[in-house]
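Just below is one structure, and these are the notes that go with it.
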Amino acid sequence: MNEYELIRGCLRGSAQCQRDLYERFAGKMYAVCLRYARTREDAADILQEGFLKVFSKLGQFQFQGSFEGWVRRVMVNTALRAYQKQRYDFEQTGYERLPELPVEPDAVGMLSESELLNLVRQLPDGYRAVFNLVAIEGYSHAEAANLLGIQESTSRSQLTKARRHLEVEVGKLERIMI
190 MNEYELIRGC
200 LRGSAQCQRD
210 LYERFAGKMY
220 AVCLRYARTR
230 EDAADILQEG
240 FLKVFSKLGQ
250 FQFQGSFEGW
260 VRRVMVNTAL
270 RAYQKQRYDF
280 EQTGYERLPE
290 LPVEPDAVGM
300 LSESELLNLV
310 RQLPDGYRAV
320 FNLVAIEGYS
330 HAEAANLLGI
340 QESTSRSQLT
350 KARRHLEVEV
360 GKLERIMI
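Just so you know, the sequence shown maps onto residues 190 to 367 in the working numbering.
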């Protein structure tokens with residue numbers, strides 16, 4: 190069944206079409222949720238809540254553009270709302286005072302996808318949210334600031350600190366690998 194037929198089936202209330210739609214996108218969307226969540230359990234909760242929203246708002250999809258992109262946006266917005274519910278403050282850590290460490294470009298290439306994901310998940314909450322929105326999802330700082338309810342300058346600062354944090358952590362891993 191193609192995507193269009195699957196969506197139409199969901200709109201008619203077909204449980205099988207809903208199951209198929211979920212199975213088609215759950216893996217990719219779980220990966221999106223993992224980047225925003227603190228734990229795998231939180232990511233699973235965001236995924237479930239996100240799919241509830243997908244199914245309840247499916248009638249709003251205009252069949253223009255990518256359906257997967259529309260689902261991804263629902264998941265990102267759900268993750269951001271979960272983040273805001275937790276009311277995590279944009280943490281100030283000691284990372285802004287750390288000296289810049291040179292990182293070998295090959296060091297990042299030597300890391301597995303799961304190791305990179307783990308490094309991103311270890312970022313303080315504010316850093317992680319901005320890093321995901323700007324560096325991974327491609328939002329502008331103005332858009333990220335608006336979504337997170339912060340100033341644009343805070344978004345820029347958080348991204349800089351996130352990158353510095355990741356450089357430090359990659360540097361540590363690089364020394365272990367050598």
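For every residue, glycine included, the Cβ atom is placed at its ideal position computed from N, Cα and C.
Our contact map puts residue i next to residue j with C-beta atoms below 8 Å; I'd like the distance itself, whole angstroms only.
{"i": "Q347", "j": "G327", "result": "Not confirmed; about 16 Å, so no contact."}
{"i": "A334", "j": "E341", "result": "4 Å"}
{"i": "I325", "j": "F256", "result": "That pair is no contact at about 20 Å."}
{"i": "R345", "j": "H330", "result": "5 Å"}
{"i": "R227", "j": "R310", "result": "7 Å"}
{"i": "A204", "j": "I235", "result": "No, A204 and I235 are not in contact; Cβ-Cβ is about 23 Å, not under 8 Å."}
In terms of residues, what are the limits of the alpha helix (DSSP H) holding residue i?
{"i": "R310", "result": "E302 to R310"}
{"i": "I196", "result": "E192 to L200"}
{"i": "V319", "result": "D314 to V319"}
{"i": "L337", "result": "H330 to L337"}
Check whether chain B comes within 8 Å of residue i, counting only Cβ atoms and requiring the distance to be less than that.
{"i": "A204", "result": "As a matter of chain content, chain B is missing from the structure shown, which is built from one protein chain."}
Do residue j and residue i have their beta-carbon atoms positioned less than 8 Å apart in this structure?
{"i": "L247", "j": "C206", "result": "no"}
{"i": "L305", "j": "L322", "result": "no"}
{"i": "V243", "j": "V265", "result": "no"}
{"i": "A232", "j": "L241", "result": "no"}
{"i": "M218", "j": "G239", "result": "yes"}
Shorter than 7 Å, the distance from the beta carbon of residue i to the closest heavy atom of the ligand ZN, or not?
{"i": "A268", "result": "With respect to the ligand ZN, the structure offers nothing, as it holds no ligand at all."}
Taking buried to mean at least 16 other C-beta atoms within 10 Å of its own C-beta, is residue i buried or exposed?
{"i": "Y225", "result": "buried"}
{"i": "D338", "result": "Going by the sequence as given, residue 338 is Gly instead of Asp. Burial call: exposed."}
{"i": "Y272", "result": "buried"}
{"i": "F320", "result": "buried"}
{"i": "F214", "result": "buried"}
Original post:
At what residue ranges does the stretch 219–276 contain a whole run of the alpha helix (DSSP H), taking only runs of 4 or more?
Top reply: 229–245 and 256–275
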